[in-house]
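The next block holds one structure in the form of structure tokens; read it before the comments.
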Amino acid sequence: QQQKMQANKSGNNVREFLRREEELERLRANVAETKKISTFAEFDVKSTKKFAGARVIRNEKLAAEEMALLDSETRTRRRARLREFYQQQEVMQSRELESKGLAFARERL
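Heads up: take any position in the sequence shown, counting from 1, add 501, and you land on my numbering.
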């Protein structure tokens, strides 16, 4: 009877060992698959960052060009509005002086 128990025990040990080996093999396969997926994910992240960085640089360049054009246009419009304002002021002052019987002297260069 003791021999049967020992034989049964050793049989259980072998089965447990084989079960554990199968489990370890599955886990190793899972680790390998996870590493593979991780490598793909890292590549994708690097690629996305690279293209995103290029897009940001391109957008910043376009924004700077647009700001330069807007600055130029703003200066041109401001000069035109100032000329118009000064002309209106000159006409208004001239009318005021004429209404008081005074003359408005203009310098011509």
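Backbone N, C-alpha and C define an ideal beta-carbon position, used for all residues, glycine too.
For residue i and residue j, I'd like the C-alpha separation in whole angstroms.
{"i": "Glu567", "j": "Lys547", "result": "30 Å"}
{"i": "Arg576", "j": "Ala569", "result": "11 Å"}
{"i": "Glu601", "j": "Arg578", "result": "Here residue 601 turns out to be Lys, not Glu, going by the sequence shown. Their Cα atoms are separated by approximately 35 Å."}
{"i": "Leu525", "j": "Phe541", "result": "24 Å"}
{"i": "Glu543", "j": "Ala565", "result": "33 Å"}
{"i": "Met593", "j": "Ala604", "result": "13 Å"}
{"i": "Ala530", "j": "Arg520", "result": "15 Å"}
Within its chain, find whatever has a CB closer than 8 Å to the CB of residue i; leave out the 5 residues flanking it on each side and keep chain order.
{"i": "Val532", "result": "none"}
{"i": "Arg582", "result": "none"}
Whole runs of the alpha helix (DSSP H) within the stretch 558-598, excluding any shorter than 4 residues = none
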